[in-house]
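Residue numbers (the working numbering): 616 to 916.
Using N, Cα and C, we set each Cβ at its ideal position, and we do this for glycine too.
Presented below is the structure to which this report refers.
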Ligand code: CP
């Protein structure tokens, strides 16, 4: 049984196959007459709507479930919730606080499990990011400068970029960078230099010559109590239009959204000419459809 908990659960060629399916005009109705459970322990605009629509476009019926309705390890064990949902659904998507819960769901191995965001990873976002880069720049062997917190979005993007032969630069203050295990795991899938992540102290150094500049909020869901400390830690890391003047001439700006204008990004960047955040948001649905189509094919074989 194949699951998607992190991007490197796919091989590079499988990743390309998912992107190709995301752009295919006539998807196979691989979920016809079947359901997909979509469990959300945290809020969502893009992930919930893109996943629901992707399931519908594949002929299936999505059922969104709030975290408290099933109560992972509170009302019932993670394993029993997974077994129960697998009685009715062809696949389960879950947005969870604790990545270990996804690993336990996948270990049940009843139906494919899709990570719709955990504290560790956001692979569905990274698939949409790659799709956007391929459409906008016509290639994937690009240099991506990620400025900000090395969070779940950054981690999945680092895997995705490394796996398709790109170069991944991170600009973040000490204490907000990847741990050694993540850096080593990214280097292990790096199809370009084998070096993995390039780390910079200053955003200007990461952005210079980059094809893609990317950021996310400095305070992720569940970290609200650290907001003031984080604002201080990331002082000087706001992406400005002057910063983007040094990137590659055709370079683009991406953000997984929601954006905090005036914090991690200036308003004239996220709303400016290099910004592709709306095609990127739209690609969440296409990437989700491509992934589910591919996963259902794997489940059949
Ligand atoms: N980018 C993203 O995952 O958005 P949502 O939190 O709205 O799903």
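For residue i, the residue or residues it bridges with in DSSP
| i | result |
| --- | --- |
| residue 869 | 829 |
| residue 653 | 679 and 708 |
| residue 878 | None, per the DSSP bridge assignment. |
| residue 854 | 880 |
| residue 619 | 729 |
Unbroken beta strand (DSSP E) run spanning residue i, endpoints
| i | result |
| --- | --- |
| residue 681 | 676-681 |
| residue 783 | 782-786 |
| residue 758 | 758-762 |
| residue 814 | 813-815 |
Residue i: CB within 6 Å of a non-hydrogen atom of the ligand CP
| i | result |
| --- | --- |
| residue 775 | no |
| residue 736 | no |
| residue 871 | yes |
| residue 917 | Residue 917 is absent from the model: the chain starts at 616 and stops at 916. |
| residue 709 | no |
| residue 733 | no |
| residue 705 | no |
| residue 835 | no |
| residue 741 | no |
| residue 660 | yes |
Whole-angstrom C-beta distance between residue j and residue i, which should lie under 8 Å
| i | j | result |
| --- | --- | --- |
| residue 751 | residue 867 | 5 Å |
| residue 777 | residue 756 | Contact flag wrong, Cβ pair sits at about 11 Å. |
| residue 749 | residue 731 | Residue 749 to residue 731, Cβ: 22 Å. No contact. |
| residue 791 | residue 848 | 6 Å |
| residue 675 | residue 650 | 6 Å |
| residue 697 | residue 723 | 4 Å |
| residue 770 | residue 735 | 7 Å |
| residue 623 | residue 774 | 5 Å |
| residue 747 | residue 904 | Not really, about 15 Å apart at Cβ, beyond 8 Å. |
| residue 827 | residue 741 | About 12 Å separates the two Cβ atoms, so there is no contact after all. |
| residue 809 | residue 712 | That pair is no contact at about 34 Å. |
| residue 617 | residue 872 | Contact flag wrong, Cβ pair sits at about 28 Å. |
| residue 785 | residue 765 | 6 Å |
| residue 694 | residue 685 | With a Cβ gap of about 12 Å, residue 694 and residue 685 do not count as contacting. |
Where the alpha helix (DSSP H) through residue i begins and ends
| i | result |
| --- | --- |
| residue 823 | Run containing residue 823: none; DSSP gives neither H nor E here. |
| residue 905 | 892-915 |
| residue 845 | 842-848 |
| residue 774 | 767-778 |
| residue 672 | 661-672 |
| residue 637 | 627-638 |
| residue 861 | Here residue 861 belongs to no alpha helix (DSSP H), and DSSP marks it neither H nor E. |
| residue 795 | 795-804 |
Residue i CB to nearest heavy atom of the ligand GTP below 6 Å
| i | result |
| --- | --- |
| residue 686 | This structure simply doesn't include the ligand GTP; it includes the ligand CP instead. |
Exercise. Can you give, in chain order, each stretch of the alpha helix (DSSP H) that sits fully within the stretch 676-752 and has at least 4 residues?
Worked result: 682-685, 693-701, 714-723 and 738-752
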